[in-house]
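Participant: Just so you know, the protein sequences line up as chains A and B, in that order. Counting along the first sequence from 1, when you hit position 26 you're at 27 in our numbering, and nothing is skipped either side. Counting along the second sequence from 1, when you hit position 201 you're at 310 in our numbering, and nothing is skipped either side. Got a structure for you, questions after.
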Amino acid sequence: MNTIIQARGLSKSFGATRALDQVSFTVPSGRIVGLIGPNGAGKTTALKAILGLTPYQGELKVLGLDPHTQRQQLMQDVCFIADTAILPRWIRVRELIDFVERVHPRFSRARCEALLAKTKIARDMKVKAMSKGMVVQMHLAIVMAIDARLLVLDEPTLGLDILHRKAFYEALLNDYFDHDKTILVTTHQVEEIEHILSDVMFIQDGRIVLDAAMDTLPERFAEVLVNPDQRDQARALGPLHERSVFGKSAMLFDGVGRDRLAAFGEVRSPGLADLFVAIMKEKQQ
Amino acid sequence: MNAVATVSPARSGAGSPVATFGALLRREFWEHRGGLWSAQVWTTGILLALMVLSLLIGEAFRLKFVGNVDISGVAVIGLEQLGPAEMAEFRKGLEIGLWGLGMINQIVLYFVVLFYCIGTLYDERKDRSILFWKSLPATDTQTVLAKLVTAALVAPVLALVAIAALHVGFLLLVGLYAAFHGVNPLPFLWQPGIFTRVWGQMLATVPVHALWALPGIAWLLLASSWAKRAPFVWAILLPVLAGVFYTMIETALRLRLPGTWFWEHVVARIFSSPGSMVLRPWQWRGDNPFAHAAGQEQLMTTLTATSTWVGVGVGVVLLGAAIWLRRYRDDS
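Below you can see the structure in the form of structure tokens.
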């Protein structure tokens, strides 16, 4: 399996703030990786470093290239949406398609137009006349028509309503993704991408606090609803996080066997959002 | 969906340096069509409309005060009596007129290019569209060079097309007016030699002026790339303040009247770099000042002047700095 991104001791400071603090991780090809963290955790800084948009300390290789010094070469195989609504406002749809077609050797006009046909975007429309949702759709249509090896999406669906968000992730998974491609995505809507991710990374205060394949999460993490009378016994097992639900305590455990937890009640696998909250709270303390 | 899902092989040439640079030039034109082209077309249109209006007003006055007298006889006699010497005078006058007619378009060109250079690398950062452009495989060098070519070559050539249209329109109007009064305008107005000379001369100044203006344009682009806000202040005010500072220092150090070197070679050069050679007031001399400023003599002087080639060197350095800033600075 090819390594798409390899970071070792990646650091970046803005004055006294450490946006990235000795971060190390590896992303193999054919994965959909979710990079999830609160605002200001360093997500965008990490993505910018990967895209060669900002200098950094430490070692970073993307598709075997140094993104800072070999950016031009890298952009042949990497595509990104760095933030929403950054399409130039003056441009018309057909101009945009013409431009990308001439500049990008891996762009397919037919594919872009097929994607646009599903929207209300007309060829003569200027970006400034589009609604926020349409701008995102336009940008996604372009990006998805580019056959890139790595696609980086920073909050790609911000400003889209739930129907369009669902449709986008469905299209991304069914029409775009294949095993030669890798997608790195950040979002706040954790629940919506949970089922499409193959890997997840939690980032907090510039550090990776969880880096795991999605299918290993149920083995590691389990949540159980504990009655008040058994609360102390359960606490003795060291829950990662505890919250109260209808007078009971929902406790989330990391690396405690399900057979041991079953004594307290029904054991279930926590959702990504619950896991995120638990790990963020735990690390804050 | 499967049919569309298969990505068709890229069109040959897409992404090659030539295709990319062509696309970047078109991109600049699309974005600035209003200034680069429409403003020129409007200028030509308005000037022609004013000529029509003045011909109509003149005609109305003539009818009112002179009456509808047939003047063709008088005019034909008058024009046919022109000897070779008078004809030469007429040609000279026509040529002066053609140069003068283009001046409004030249001034429009000047301001369009000035604002274009100062805004172009600043605006894309301000609206963050730079992140979109940077997500495509066009390099920063190609992008900045496309902006330079747009300012120094594309804009002046488009202005020239509009000026040529203005010339043709003007002669058609005058010709029609004469014909309307029974005078055959062809012997006087059919002067292909004059047209090719004036247009050829104007076109020849474009590349020469571009060489001479390189440091000035590059400075404006650098200021646009550098400024975190108010690029105009950096582009215009900084050189002026530096000039004032230079004058004060020199006065203080030498205790004599300061030289004008800095003003001449830095400040004035920046200010006169947009537009064309016609807009060099210090070269306006003789009967046809604009033609003199853009004359063959001036072309040769410019091409052989050390200051031109030193300027090219300085321009390359400034341009390199603008490219470096676009490539490496992260201020989003």
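Glycine included, C-beta positions come from ideal geometry on N, C-alpha and C.
Using a beta-carbon distance below 8 angstroms, is A:H105 in contact with chain B?
Facilitator: For this step, residue 105 of chain A is matched to residue 104 along the first sequence. Residue contact with chain B for A:H105: present (Cβ-Cβ distance below 8 angstroms to some residue of chain B).
Participant: A:A83: buried (16+ other C-beta within 10 angstroms of its C-beta) or exposed?
Facilitator: If you number the first sequence from 1, residue 83 of chain A lands on position 82. Label assigned to A:A83: buried.
Participant: If we ignore side chains and look at the alpha-carbon of each, how far apart do B:P296 and B:T314 end up?
Facilitator: What you label residue 296 of chain B is simply residue 187 of the second sequence in a count that begins at 1. What you label residue 314 of chain B is simply residue 205 of the second sequence in a count that begins at 1. So the alpha carbons of these two residues sit roughly 30 angstroms apart.
Participant: By alpha-carbon positions, which one of B:K235, B:W299, B:T415 and B:G209 ends up nearest to B:R435?
Facilitator: Residue mapping note: residue 435 of chain B aligns to position 326 of the second sequence, counting from 1. Of the listed residues, the one whose Cα sits closest to B:R435 is B:K235.
Participant: Put A:I280 into one of helix, strand or coil per three-state DSSP.
Facilitator: For the purposes of this step, residue 280 of chain A is identified with residue 279 of the first sequence, where counting begins at 1. It is helical.
Participant: Is there contact between the segment 198–212 of chain B and the segment 315–324 of chain B, where contact requires at least three CB pairs shorter than 8 angstroms?
Facilitator: no
Participant: Show which residues of chain B have a CB atom less than 8 angstroms away from the CB atom of A:F265.
Facilitator: On the first sequence, residue 265 of chain A is found 264 positions in, with the first residue counted as 1. Simply none; closest approach about 47 angstroms.
Participant: What three-state label does DSSP hand A:S288 in the structure shown?
Facilitator: Any answer about residue 288 of chain A is impossible in this case: the structure gives chain A only from 2 up to 286.
Participant: Leaving out five residues before and five after A:A146 in sequence, what residues of the same chain have Cβ atoms less than 7 angstroms from its Cβ?
Facilitator: Within the first sequence, residue 146 of chain A is the residue found at index 145, counting from 1. Within the same chain, A:A146 has close Cβ partners F108, S109, R112, C113 and L116.
Participant: Helix, strand or coil for A:R269 per DSSP?
Facilitator: Stepping through the first sequence from its first residue, residue 269 of chain A is reached at position 268. Residue state, collapsed to three classes: strand.
Participant: Apart from the five residues just before and just after A:F265, which ones in its own chain have a Cβ nearer than 6 angstroms to its Cβ?
Facilitator: What you label residue 265 of chain A is simply residue 264 of the first sequence in a count that begins at 1. Here the set comprises V225, V227, Q231 and A235.
Participant: Whole angstroms are fine: how far does the CA of B:F354 sit from the CA of B:L164?
Facilitator: For the purposes of this step, residue 164 of chain B is taken as the residue at position 55 of the second sequence. For the purposes of this step, residue 354 of chain B is taken as the residue at position 245 of the second sequence. Each residue's Cα considered, the two are about 53 angstroms apart.
Participant: Give me the Cα-Cα distance between B:R389 and B:S416, rounded to the nearest whole angstrom.
Facilitator: In the second sequence, residue 389 of chain B corresponds to position 280, counting from 1. In the second sequence, residue 416 of chain B corresponds to position 307, counting from 1. Their Cα atoms are separated by approximately 16 angstroms.
Participant: Quick one: measure Cβ to Cβ for B:A482 and A:E102, integer angstroms, because I've assumed they're closer than 8 angstroms.
Facilitator: Residue 482 of chain B lies beyond the residue range present for chain B, which begins at 110 and ends at 441; the question has no answer from this structure.
Participant: Give the straight-line distance between the Cα atoms of B:W372 and B:F130, rounded to the nearest whole angstrom.
Facilitator: For this step, residue 372 of chain B is matched to residue 263 along the second sequence. For this step, residue 130 of chain B is matched to residue 21 along the second sequence. CA-CA distance, B:W372 to B:F130, rounds to 36 angstroms.
Participant: Can you check the segment 153–233 of chain A for any beta strand (DSSP E) of at least 3 residues that lies completely inside it and give the ranges in chain order?
Facilitator: 183–187, 200–205, 208–214 and 222–227
Participant: Give a yes or no on whether the C-beta atoms belonging to A:M131 and A:I143 are separated by under 8 angstroms.
Facilitator: Taking the first residue of the first sequence as 1, we reach residue 131 of chain A at position 130. Taking the first residue of the first sequence as 1, we reach residue 143 of chain A at position 142. No, the Cβ-Cβ distance between A:M131 and A:I143 is not below 8 angstroms.
Participant: Under a CB-based cut-off of 8 angstroms, is A:M131 close to chain B?
Facilitator: Within the first sequence, the letter at position 130 stands for residue 131 of chain A. Cβ-Cβ to chain B under 8 angstroms: no for A:M131.
Participant: Can you list the residues of chain A that B:W433 reaches, using a CB-CB cut of under 8 angstroms?
Facilitator: Within the second sequence, numbered from 1, the residue matching residue 433 of chain B stands at position 324. Residues of chain A passing the Cβ test: none, with the nearest at roughly 13 angstroms.
Participant: What in chain B is Cβ-close to A:L54, meaning under 9 angstroms?
Facilitator: Locating residue 54 of chain A in the first sequence gives position 53, where the first residue counts as 1. In chain order: L240, K243, D439 and S441.
Participant: Check B:V221 in the structure and name its three-state DSSP category.
Facilitator: Locating residue 221 of chain B in the second sequence gives position 112, where the first residue counts as 1. Here B:V221 sits in helix by DSSP.
Participant: State the Cα-Cα distance for the pair A:F48 and A:G35, rounded to the nearest angstrom.
Facilitator: Locating residue 48 of chain A in the first sequence gives position 47, counting from the first residue. Locating residue 35 of chain A in the first sequence gives position 34, counting from the first residue. Residue identity check: residue 48 of chain A is Leu in the sequence provided, not Phe. Cα to Cα, A:L48 sits roughly 12 angstroms from A:G35.
Participant: Expressed to the nearest angstrom, what Euclidean distance is found between the alpha-carbon atoms of B:F224 and B:D232?
Facilitator: Sequence index remark: in the second sequence, residue 224 of chain B carries index 115 (1-based). Sequence index remark: in the second sequence, residue 232 of chain B carries index 123 (1-based). About 11 angstroms.
Participant: In the DSSP assignment, what residue or residues form a beta bridge with A:M252?
Facilitator: Taking the first residue of the first sequence as position 1, residue 252 of chain A is located at position 251. In the DSSP output, where bridge partners are listed per residue, A:M252 has A:V225 and A:E243.
Participant: Report, in whole angstroms, the separation of the C-beta atoms of A:T183 and A:I51, which I expect to be a contact under 8 angstroms.
Facilitator: Residue 183 of chain A sits at position 182 when you count from the first residue of the first sequence. Residue 51 of chain A sits at position 50 when you count from the first residue of the first sequence. Actually they do not touch by this definition, with Cβ atoms about 11 angstroms apart.
Participant: I'd like to know if B:I186 contacts chain A, where contact means its C-beta is closer than 8 angstroms to some C-beta of that chain.
Facilitator: Residue numbering aside, residue 186 of chain B sits at position 77 when the second sequence is read from its first letter. A caution first: B:I186 carries a pLDDT of 49, below 50, which makes its placement in the model unreliable, though a value can still be read off. Taking Cβ atoms only, chain A never reaches closer than 8 angstroms to B:I186, which makes this a no.
Participant: Measure from the C-beta of A:P157 to each C-beta in chain B and report whether the shortest distance is under 8 angstroms.
Facilitator: Position 156 of the first sequence holds residue 157 of chain A. Output row for A:P157: interface = no.
Participant: Identify the residues that DSSP records as bridge partners of A:K13: which are they?
Facilitator: Residue mapping note: residue 13 of chain A aligns to position 12 of the first sequence, counting from 1. Under DSSP, A:K13 takes part in a beta bridge, and its partners are A:L21.
Participant: Looking at chain B, is there any beta carbon in it that lies within less than 8 angstroms of the beta carbon of A:P68?
Facilitator: Stepping through the first sequence from its first residue, residue 68 of chain A is reached at position 67. Taking Cβ atoms only, chain B never reaches closer than 8 angstroms to A:P68, which makes this a no.
Participant: Would you please verify whether the beta carbon of B:F139 is less than 8 angstroms from any beta carbon of chain A?
Facilitator: Taking the second sequence and counting its residues from 1, the one referred to as residue 139 of chain B is at position 30. Correcting the residue identity first, residue 139 of chain B is Trp in this sequence and not Phe. Between B:W139 and chain A, the shortest Cβ-Cβ separation is below 8 angstroms.
Participant: Nearest by alpha-carbon distance to B:W308: which of B:A268, B:S334 and B:P294 is it?
Facilitator: Here residue 308 of chain B refers to the residue found at position 199 of the second sequence. Ranking the options by Cα distance to B:W308, first place goes to B:A268.
Participant: So, are the CB atoms of A:V153 and A:M139 less than 8 angstroms apart?
Facilitator: On the first sequence, residue 153 of chain A is found 152 positions in, with the first residue counted as 1. On the first sequence, residue 139 of chain A is found 138 positions in, with the first residue counted as 1. For A:V153 and A:M139, no; Cβs fall outside 8 angstroms.
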